[in-house]
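Basically the working numbering = 1-based index in the sequence shown + 1. For each residue, glycine too, the CB sits at the ideal point set by N, CA and C.
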Amino acid sequence: MKLPDRKGMNAMTSTQASDTGVGTGALTEMYRRMRLIRQFEDRASRLYRTNEIPGFLHLSTGQEASAVGACWPLDERDVVTSTHRGHGHCIAKGLDVTGMFAELMGRASGTCRGRGGSMHIADPRRGIFGANGIVAAGLPIATGAGTAAQLRGRGGVVVAFFGDGAVAQGMFHEAVNLAAVWRLPVIFCCENNHYAEFSAASDQHRATLADRARGYGVDFAHVDGNDVVAVAETVTELVRDLREGAGPVLLEAETYRWHGHYEGDPERYREPAELAEWKARDPLVRLASRLDADLVARIDDEVGTVIESAVEEARAAAEPAPETLHHYVGVPREPVPEPPEPDGEIFRTMDAVREALEHELSTDEDVFVAGIDVGAGGNVFGLTRGLAERFPGRVRDTPISESAIVGAGVGAAMAGLRPVVELMYFDFLGVCLDQLMNQAAKLRFMTGGAVRLPLVVRTQFGAGKSSGSQHSQSLEALLAHIPGLTVVMPSTPADTYGLLRAAIRDPNPVVFVENRLLYGKKGPRPAPGHLVPLGRAAVRRPGTDVTLVSYSKLVHDCLAVAEEVAAEGISTEVIDLRTIAPLDRETVLRSLAKTNRLVVAHQAVEEFGVGAELAAVAAHEGFWHLDAPVIRVGAASTPAPYAPSLERAWLPDQARIAAAVRQSVLT
């Protein structure tokens, strides 16, 4: 069957799908894959009832045809993203069921080494970027995989599976819109099973997917999701067009889940007659009717044997050893020596950012930069000006869609690129926190080490200029509390250059936080090869009486304070953390052993911050060195005020830091 021209695809419906004379061999393989999914789900359901599967379980029984049909034309170039109901997608893309059963049982031999479970099962090495416990979270990731496919130019495509409930999520809107703007090779495949958890789709939406497609300016296709041949025909044509350069498409595959939202769901929200009606349209029975009955029986028996063997092997597998708890949180870093002090011509922090990006874009084709106005506009502060012209296609403007921006970075990193995405203000972290907290930080762990996330999220902050409560926050402690994230906050132009280059080269997700009030700060330019090790603090001024720890802009206030109190006979050792997470405890403790006193200063709110963590470290690991209580200096426990008089009272300043140093020494 030849589909209509893509210009007219918004009018396409499943009534246009027909028997294309697919050979018996193809029909047989389609049936085998669907039977494998059906048997897997049935066996998983029984294992759950006998407590052999410990976690949540969401089954796709009844939806086999949409999974097998959509994955039918895919090959090793291609990627799928999935949902919490993702077993069928994984099997249809070729994942081994033995490893999947072991994963569901929490075994060390599981697909994800027992770290993911049902909702997070994935194997990025096979192009399976993951089931996802967060509704719609896979869609921004799919745009990143699509970006990688587009930049590589090898014809790769992405199929992003989602349910009808995900359409209500902002991430759906952001992802489809970004894919449309960048014209990415992505099929957004909605498996419309008519229920979002316990709610009927008709109660959740007032616009159809076809209406939404027109709004986004993308093509739309509808197919009977219980007819595997129709789905395969439709997706085969879409994939062909995408490989030839077509833009994204919304595909609605209408189907039905036989089980509840989760195993154990009492299902009070739907009538038995409705379920019976859909079971009468069983996709396996429909396809089996086109095959020889003896052949179908043989396949059923063969699949049954495969499933039972897989279950027994998974049962016999060992659980992950407790001593492996910390495995796969991050990729071990290659050691980087501390570089020599820079002695080049004077340049600014803003120059350091641009030159670091330019250096990495020039030397590594896998690096690309994306964010709001980073291309044509050259960044709100002019930091990326000219880079889009020099590196066409690799410095990209995005819509104002923080979740899509960071999610695209996650997906591109999973696909092997080294994205640097920009979050315009640190305060906007809350808009896209899921993609950092639940995706970037956890995907290596949840896949059992099967993926690296070489992602940099650049952002900036800077109180002191009446930017108000939503543009002044220092939120590093929030991110430092999330295992898997590295958080960097440089204070000098040379460190900004060396740390940003190190972050881009790092195999782990890094949030790189600049202070906008330091963009004009001047210092000596380092050599082009200058790299600063992540996770290592720097002693900015040696001293013997008190250790003063800080980072970012406040380091310069601390150095001024050290100079001031030196006139009073107080010798202050100033430590610049540079990296907040992982925290360089050793350098701080080594200094504490020498000075016996500790003061920590930061612009963030004082309570529950980096100062609190260092105080705990000092009390636990450096207790016998302490001759005085640890003192913290931070912002007051209020939102950032607007009025200059209130902002001055809110922020820590040199006078407060100096008072804390004197108090520590005199105690």
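Is the beta carbon of Val422 sitting closer than 9 Å to the one on Ala233? Result no, Cβ atoms of Val422 and Ala233 do not sit closer than 9 Å.
In whole angstroms, what is the alpha-carbon distance linking Arg355 and Met415? If I take the Cα positions, the gap works out to 25 Å.
I'd like the list of long-range same chain contacts for Ala211, defined as Cβ closer than 6 Å, with 5 residues on each side in sequence excluded. Hits under 6 Å: Phe221.
Neighbourhood of Gln471 by C-beta, 6 Å cutoff - its chain only, sequence neighbours within 5 removed: Closer than 6 Å at the Cβ level, and outside the excluded window around Gln471, lie Asp428.
Close Cβ partners of Gln664 (< 7 Å) along its chain, the five nearest in sequence each way excluded: The residues are Ile632.
From this set, Val396, Arg244, Val511, which residue's C-alpha is nearest Gly147's C-alpha? Of Val396, Arg244, Val511, the residue nearest in Cα terms is Arg244.
Could you give the distance in angstroms between the alpha-carbon of Arg34 and the alpha-carbon of Gly117? In this structure, the CA atom of Arg34 is about 23 Å from the CA atom of Gly117.
Quick one: residues in its chain with C-beta nearer than 6 Å to the C-beta of Thr82, no 5 flanking neighbours on either side, listed in chain order? Only Phe130, Gly139, Ile142, Ala143, Ala161 meet the Cβ criterion.
Suppose the cutoff is 7 Å on Cβ atoms and the five residues either side in sequence are ignored; what does the same chain contact list for Leu532 look like? So the qualifying residues of the chain are Val337, Pro340, Gly499, Arg502, Ala503.
Mapping DSSP to helix, strand and coil, what is Lys523? Strand, per DSSP.
For the beta strand (DSSP E) holding Asn516, just list the boundary residues, first then last. First-last of the beta strand (DSSP E) with Asn516: 511-516.
Rounded to the nearest angstrom, what separates Arg287 and Asp97 at their Cα positions? Each residue's alpha carbon lies about 26 Å from the other.
Our contact map puts Val187 next to Ala71 with C-beta atoms below 8 Å; I'd like the distance itself, whole angstroms only. A Cβ-Cβ separation of about 12 Å leaves Val187 out of contact with Ala71 under the 8 Å criterion.
So for Gln604, helix, strand or coil by DSSP? Three-state result, Gln604: strand.
With 16 as the cutoff for other CB atoms within 10 Å, does Lys466 come out buried or exposed? When all chains shown are included, Lys466 counts as exposed.
Identify, in the order they occur along the chain, each residue of the same chain with its Cβ nearer than 8 Å to the Cβ of Val672, setting aside the five sequence neighbours on each side. The first residue shown for the chain is 2 and the last is 668, placing residue 672 beyond what the model contains.
Can you tell me where the alpha helix (DSSP H) holding Cys559 begins and where it ends? Unbroken alpha helix (DSSP H) run through Cys559: 555-567.
Ends of the alpha helix (DSSP H) at Asn178? Residues 171-183.
For Phe163 and Thr84, believed in contact at Cβ under 8 Å, the rounded distance: Phe163 and Thr84 do touch by the CB rule: their CB atoms are close to 6 Å apart, below 8 Å.
What residue range is occupied by the uninterrupted alpha helix (DSSP H) comprising Asp225? Looking at the DSSP string, Asp225 is not in any alpha helix (DSSP H); the run it does join, the beta strand (DSSP E), is 220-225.
When we look at the beta-carbon of Phe41 and count the other beta-carbons within 10 Å, is it buried (16 or more) or exposed? The residue is buried, with at least 16 neighbouring Cβ atoms inside 10 Å.
In terms of alpha-carbon separation, which member of Ala539, Glu313, Gly431, Val168 lies closest to Leu251? Nearest to Leu251 by alpha-carbon distance, out of Ala539, Glu313, Gly431, Val168, is Val168.
My understanding is that Pro527 touches Pro343, with C-beta atoms under 8 Å, so please give their C-beta distance in whole angstroms. At roughly 4 Å, the Cβ-Cβ gap stays under 8 Å, so Pro527 and Pro343 are in contact.
Output the distance between the C-alpha atoms of Gly145 and Ala563, rounded to the nearest integer angstrom. In this model, Gly145 and Ala563 are separated by some 47 Å (Cα to Cα).
Roughly how many angstroms separate the alpha carbons of Tyr426 and Ile406, rounded to a whole number? C-alpha of Tyr426 to C-alpha of Ile406: approximately 13 Å in a straight line.
Minimum C-alpha distance to Gly635 - residue among Leu58, Val666, Lys554, Thr668: Minimum Cα distance to Gly635 is reached at Lys554.
Since Phe102 is in the alpha helix (DSSP H), which residue starts that stretch and which ends it? Residues 98-105.
So the beta strand (DSSP E) Leu456 belongs to, where does it begin and stop? Careful: Leu456 lies outside any beta strand (DSSP E) and carries neither H nor E.
Please state the DSSP three-state secondary structure of Leu292. Here Leu292 sits in coil by DSSP.
Nearest candidate by alpha-carbon position, reference Gly417, set Leu652, Ile571, Ser61, Val368: Checked all of Leu652, Ile571, Ser61, Val368; the closest Cα to Gly417 is Val368.
Presumed contact (8 Å Cβ cut-off) between Ser468 and Val432, rounded CB distance: Not really, about 17 Å apart at Cβ, beyond 8 Å.
Are His328 and Arg108 close, meaning C-beta to C-beta below 9 Å? Result no, Cβ atoms of His328 and Arg108 do not sit closer than 9 Å.
Could you tell me which residues DSSP puts in a beta bridge with Ala539? Partner(s): Asp577.
Where Ala371 sits in the DSSP three-state scheme: It is a strand residue.
Can you tell me which residues form a DSSP beta bridge with Ala319? Ala319 is not bridged to any residue.
Opposing strand residues paired with Val633 [DSSP bridges]: The residue you asked about is not Val; residue 633 is Arg in the sequence shown. As computed with DSSP, Arg633 is found in a beta bridge with Val601.
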